[in-house]
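Asks: Using the numbering used here, you'd call the opening residue of the sequence shown number 5 and step up by one each time. Mind looking over this structure? Questions follow.
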Amino acid sequence: MAADGPLRVVALVSGGKDSFYSILHCLANGHRVVALANLHPPPRVTSANEADLNSFMYQTVGHQVIPLYAQATGLPLFRRPILGTAVDHGISYQDPDGHYVDEDETESLVPLLRAVLKAHPDVNALCTGAILSTYQRTRVESVALRLGLVPLAYLWQFPELPSPLAATDDQPVGPDKNDDAQLLRDMAAAGLEARIVKVASAGLGEEFLWENVASESAVSRIRRALRRFGGDGGRGAVLGEGGEFETLVVDGPSVLFKGRVIVDENDRKIVREGGGSAWLSIRKAKVEMKPDLDTSSSQTDSFGIHIPELLDLEFRTVLESLQDKDRLVYDHSGLSQAPLPLPASVPRFRHIESSSKDWYFVGDSVGIEDQTARIVNEVRRRLGEHTLPSTAIVSSLIVLRRMTDFPTVNKLYGALFREPNPPARVTISCGDKLLPRGTDIAVLLTVQPHLKRNERRGLHVQSRSYWAPANIGPYSQAVAYPLLSGDEGRNNDAQNSESPLAVSIAGQIPLVPATMTLPPIPKDGSSSLALQTTLALQHLWRVGGEMQVQWWSSAVAYFPRSALRSEARHSALLASAAWNAAHVASSSLSTDDLEEPDPWDRKYNPAYMTYGNSGDNTASRPSLPDWEVLKDFDADADANSEDGKPAHRPLPFVFSAEVEELPRSAGVEWHAHLGFASVGAGSIRLYTTAAVYRANEGVTSPLPLSNAVDRSAVAVTTSLLKLLAGLESADADAAAAAAVLKPKFTYVDPEYFEFSENTASWLSKGAIIPCGSLWDAQGRCLNMVSIFETRWSKAL
């Protein structure tokens, strides 16, 4: 599958505004559109007097005009009938792999695209107009990837992205989060003319038919109509994302449209279906060619395509703070990882056994391919032993000796996961000197044995867009699952009926989403590390925001090996400053709308067809960070200190690890160990305490690694006892927890520890991650960092 450079694109078109505006973005990104492809209603439908197929997947109203697009654009048009209906109703689509191939309408794309590839074998990408619908996007991605095509969805999450219109010195970049209609204005600015040909909302009557949807008057009328029935119809309603209306493009900029589609009034007939739905039957249409113009692809910059800025407003602020060297070293963006004091008294807690299991595998045979194959077979064996599906695995950490082995590992590892939304994944390389001799790979899997299918929610965007990097390998951006199981999972906040969620998020590297390449090196030859650190952190924030993460447990920034120790320390300070600044900047901005059902649900799922009409659309999606979830912390009272400067707020623990190499030769990779979502106000307690083990003070010889891991568990147990001091049976509970307590991750600097060549010793101590160096948020060198997970619940 081609991934770099200009692509040769087949564009999937329905006749609607989104598919054609997506084509314009393909051109603006330097790609060449080779052909158009369309699925139309089968003959048994088109032979009827008046009918609209109402496909779950494809727009069919106005299909009579589609053949004219070949003449209007000068591009070859390929068409095939839609066969079957929606068989797989899941939001995320699963490759049928031979099952219901001739029944699910999604699979109608396969013969259509194969016909295109037969005529144009150099085509290597497929573009679609998906904006908010995961249902539509995942189905197109499934077919495209099976056929070796790069999926392009440049409009994905477009309403959430920063508009270039605001990019001035006086008005920083940032979208109006309450103005989905900006996308319609962008279409109008590009010269795209799309007419409403169907209305299917109680707020929109047939008087809207044949309106130019991108005109200011139409936008205002649509908004007023939706509000008459309460609220604004929900997220994306003004764009027609929930099926409120459908459009037909009749004209566009000359770089794409060489002619204009003309439909006379006498050739448009209103068809009323009942229930507030009406559409236009178009009996006859023609193409009126435009005068000869210079329509070369070099003119794409002149037709008004608005490409979103790379960074959101808050992350432009983060980048600016990193470029201020004095601020980087001394101020840390006005925040510190300030500890909250231990409480005078705390509620009674009891230790509960975690339902989460960690499976750790270390390669110990000859060659990376054999080691990976054995690990994959062992994972399959263990899943079978416990009668678990592969979906029980929610996250993975892969440590390689050489990053060049990544393609081999990826192929074998990916064979484990055939269902949608594979585990979130982090991959790093530790180099030749750090892993045990003969070990080329180590894998940690986090497994949820009791996880029910409907309790697991994944985010797996495989299309290129402006939003965040596409996941081109067998891993999801994120997977959410219950933080606790059974009764323990009930939220302690009585006003919040949702159960708290744990969110595993993939490692984020600084790829530019639209190109899937690293940011270019600055023209002045300076380092791009500040931009890379900021961009990768923005990816983490965007994915976290989409999963409604409110707080991070902790995070590590991985950096590739530095030539000088001072460079490694500088990278660590850069990461710490970015982490701090992101918490400041994100806290100062208004939040997004509450996550709503997928637009497909609003259109076809009876449980959601009236969603948004209650008028209750003022609720906000939790901000990230959401300071309200912290116990004993008043965000408003602590907004400013007495001298007017930003007060120091407690932050999730962050540190930096120097490794050998990162995927795609990136300059940084952010790994958030866990995100928390659906947690009530005051549900998170954040404490910092020191526990120093001094038994070997003064001993200069390297400490055996196994002893160090054990001692870290002792230190954590000591901290738990101190935190829970004075509680009845707290000592016994903490002691019981310590008996099975071991780190989830142990990051070590081998310079200070004695490593055993026996891989069995690694397996017994959890995930060992050897690093070139480790640094805390203040740029101090660390010998070891251990990350623990243990579950405590309020005693009843």
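Even glycine gets a Cβ: it sits at the ideal position worked out from N, Cα and C.
Within 10 angstroms of the Cβ of Gly152, are there 16 or more other Cβ atoms? Answer buried if so, exposed if not.
Replies: Residue mapping note: residue 152 aligns to position 148 of the sequence shown, counting from 1. By the 10 Å Cβ count, Gly152 comes out exposed.
Asks: Determine the closest residue to Lys748 out of Ser360, Ala76, Pro424, Ala586, with distance taken between C-alpha atoms.
Replies: Residue 748 sits at position 744 when you count from the first residue of the sequence shown. The option with the nearest alpha carbon to Lys748 is Ser360.
Asks: Residues bridged to Tyr3 by DSSP?
Replies: Here the chain covers residues 5 to 800 and nothing more, so residue 3 does not appear.
Asks: Check whether the Cβ atoms of Val366 and Val447 sit closer than 9 Å, and answer yes or no.
Replies: For the purposes of this step, residue 366 is taken as the residue at position 362 of the sequence shown. For the purposes of this step, residue 447 is taken as the residue at position 443 of the sequence shown. The answer is yes: Cβ separation under 9 Å.
Asks: Using the Cβ count rule (16 or more neighbours within 10 Å means buried), how would you classify Ala123?
Replies: The residue labelled residue 123 in the question sits at position 119 within the sequence shown. Exposed is the call here.
Asks: Do the CB positions of Tyr158 and Ser325 come within less than 9 Å of each other?
Replies: Residue 158 sits at position 154 when you count from the first residue of the sequence shown. Residue 325 sits at position 321 when you count from the first residue of the sequence shown. Going by C-beta atoms, Tyr158 is not nearer than 9 Å to Ser325.
Asks: Helix, strand or coil: how does DSSP classify Tyr364 here?
Replies: Residue numbering aside, residue 364 sits at position 360 when the sequence shown is read from its first letter. Note: Tyr364 maps to strand in three-state DSSP.
Asks: Glu664 and Gly477: beta carbons closer than 9 Å?
Replies: The residue labelled residue 664 in the question sits at position 660 within the sequence shown. The residue labelled residue 477 in the question sits at position 473 within the sequence shown. Result no, Cβ atoms of Glu664 and Gly477 do not sit closer than 9 Å.
Asks: If contacts are defined as beta-carbon pairs under 8 Å, then Val253 and Gly20 qualify, I think. What distance do you get, rounded to the angstrom?
Replies: For the purposes of this step, residue 253 is taken as residue 249 along the sequence shown, with counting starting at 1. For the purposes of this step, residue 20 is taken as residue 16 along the sequence shown, with counting starting at 1. Indeed they touch by this definition, with Cβ atoms about 7 Å apart.
Asks: Expressed to the nearest angstrom, what Euclidean distance is found between the alpha-carbon atoms of Leu522 and Leu535?
Replies: On the sequence shown, residue 522 is found 518 positions in, with the first residue counted as 1. On the sequence shown, residue 535 is found 531 positions in, with the first residue counted as 1. Going from the Cα of Leu522 to the Cα of Leu535 covers about 10 Å.
Asks: If you draw a straight line from the C-alpha of Ile266 to the C-alpha of Leu213, how long is it?
Replies: In the sequence shown, residue 266 corresponds to position 262, counting from 1. In the sequence shown, residue 213 corresponds to position 209, counting from 1. Those two C-alpha atoms are separated by around 15 Å.
Asks: Specify the secondary structure class of Ala32 as computed by DSSP and reduced to three states.
Replies: Along the sequence shown, read from residue 1 onward, the residue named residue 32 stands at position 28. If DSSP states are grouped into helix, strand and coil, Ala32 belongs with the helices.
Asks: Just grab the DSSP bridge partners of Asn216 for me.
Replies: On the sequence shown, residue 216 is found 212 positions in, with the first residue counted as 1. Arg199, per the DSSP bridge assignment.
Asks: Can you list, in chain order, the stretches of the beta strand (DSSP E) that have 3 or more residues and sit fully within the segment 261–289?
Replies: For the segment 261–289, whole beta strand (DSSP E) runs of length 3 or above, ordered along the chain, are 263–266, 272–278, 281–286.
Asks: Where does Arg12 sit, in a helix, a strand or coil, going by DSSP?
Replies: Residue numbering aside, residue 12 sits at position 8 when the sequence shown is read from its first letter. It is a strand residue.
Asks: State the start and end residues of the unbroken beta strand (DSSP E) segment that holds Glu250.
Replies: Indexing the sequence shown from 1 puts residue 250 at position 246. That run of the beta strand (DSSP E) goes 249–255.
Asks: To the nearest angstrom, how far is it from the Cα of Arg118 to the Cα of His67?
Replies: Here residue 118 corresponds to residue number 114 of the sequence shown, with the count starting at 1. Here residue 67 corresponds to residue number 63 of the sequence shown, with the count starting at 1. Whole-angstrom Cα-Cα distance: 21 Å.
Asks: Along the alpha helix (DSSP H) that carries Pro2, what are the first and last residues, could you check?
Replies: This structure cannot speak to residue 2, because the chain is shown only from 5 to 800.
Asks: Where does Asn414 sit, in a helix, a strand or coil, going by DSSP?
Replies: Taking the first residue of the sequence shown as 1, we reach residue 414 at position 410. Note: Asn414 maps to helix in three-state DSSP.
Asks: On the premise that Ser566 lies in contact with Thr580, defined as a C-beta separation below 8 Å, what is that separation, rounded to the nearest angstrom?
Replies: In the sequence shown, counting from the first residue as 1, residue 580 sits at position 576. In the sequence shown, counting from the first residue as 1, residue 566 sits at position 562. Per the sequence shown, residue 580 should be read as Ser rather than Thr. Wrong, their Cβ atoms sit about 16 Å apart, outside the cutoff.
Asks: For Ala41, which residues of its own chain have a beta-carbon under 6 Å away from its beta-carbon, when the five flanking residues on both sides are left out?
Replies: Walking along the sequence shown from the start, residue 41 turns up at place 37. Closer than 6 Å at the Cβ level, and outside the excluded window around Ala41, lie Val14, Leu16, Phe82, Leu116, Val120.
Asks: On a CA-only basis, which of Ala134, Met551, Glu502 is nearest Ala482? Give me that one, please.
Replies: Your numbering for residue 482 matches position 478 in the sequence shown. The shortest C-alpha separation from Ala482 is found at Met551.
Asks: Alpha carbon to alpha carbon, how far is Gly783 from Arg573?
Replies: On the sequence shown, position 779 is the one that residue 783 refers to. On the sequence shown, position 569 is the one that residue 573 refers to. Spanning the two alpha carbons is a distance of roughly 6 Å.
Asks: For Ile773 and Ser146, what's the separation of their Cα atoms in angstroms?
Replies: The residue labelled residue 773 in the question sits at position 769 within the sequence shown. The residue labelled residue 146 in the question sits at position 142 within the sequence shown. Taking the straight line from one Cα to the other gives about 34 Å.
Asks: For Val547 and Ile509, what's the separation of their Cα atoms in angstroms?
Replies: Residue numbering aside, residue 547 sits at position 543 when the sequence shown is read from its first letter. Residue numbering aside, residue 509 sits at position 505 when the sequence shown is read from its first letter. So the alpha carbons of these two residues sit roughly 8 Å apart.
Asks: Report yes or no: do the segment 671–685 and the segment 553–569 share at least 3 C-beta pairs separated by less than 8 Å?
Replies: Short answer: they touch.
Asks: Are there 16 or more other CB atoms within 10 angstroms of the CB of Asn458, so buried, or fewer, so exposed?
Replies: Sequence index remark: in the sequence shown, residue 458 carries index 454 (1-based). Exposed.
Asks: Assign Glu109 to one of two classes, buried (16 or more other C-beta atoms within 10 Å of its C-beta) or exposed (fewer than that).
Replies: Counting from 1 along the sequence shown, the entry for residue 109 is found at position 105. Classification of Glu109: buried, given that the 10 Å Cβ count is 16 or more.
Asks: Which residue's Cα is closest to the Cα of Ile311: Asp190, Val658, Lys273, Ser112?
Replies: Position 307 of the sequence shown holds residue 311. That would be Asp190, whose Cα lies nearest to the Cα of Ile311.
Asks: Starting from the Cα of Arg378, find the closest Cα among Arg150, Ala419, Lys746 and give me that residue.
Replies: The residue given as residue 378 occupies position 374 in the sequence shown. It is Ala419 whose Cα lies nearest to the Cα of Arg378.
Asks: Leaving out five residues before and five after Gly240 in sequence, what residues of the same chain have Cβ atoms less than 8 Å from its Cβ?
Replies: Position 236 of the sequence shown holds residue 240. Answer for Gly240: Ile135, Leu136, Pro163, Asp184, Gly246, Pro603, listed in chain order.
Asks: For a test of the three-state rule: what should DSSP assign to Thr692, helix, strand or coil?
Replies: By one-based count along the sequence shown, residue 692 stands at place 688. DSSP places Thr692 in coil when its eight states are reduced to three.
Asks: For Ile525, is the classification buried or exposed, using 16 other Cβ atoms within 10 angstroms of its Cβ as the cut-off for buried?
Replies: Here residue 525 refers to the residue found at position 521 when the sequence shown is read from its first residue. Under this definition Ile525 is an exposed residue.
Asks: Tell me which residues share the same chain as Val201 and place their Cβ nearer than 7 Å to its Cβ, disregarding the 5 neighbours each side in the sequence.
Replies: If you number the sequence shown from 1, residue 201 lands on position 197. Val65, Gly66, Leu213, Glu250, Thr251, Leu252, Trp283, Leu284, listed in sequence order.
Asks: Can you round the beta-carbon distance between His677 and Ser557 to whole angstroms, since I take them to be within the 8 Å contact cut?
Replies: As a working note, residue 677 is residue 673 in the sequence shown. As a working note, residue 557 is residue 553 in the sequence shown. So it is a contact: roughly 5 Å between Cβ atoms.
Asks: Quick one, are the C-beta atoms of Gly207 and Gly256 less than 9 Å apart?
Replies: Your numbering for residue 207 matches position 203 in the sequence shown. Your numbering for residue 256 matches position 252 in the sequence shown. Against a cut-off of 9 Å, the Cβ pair of Gly256 and Gly207 comes out as no contact.
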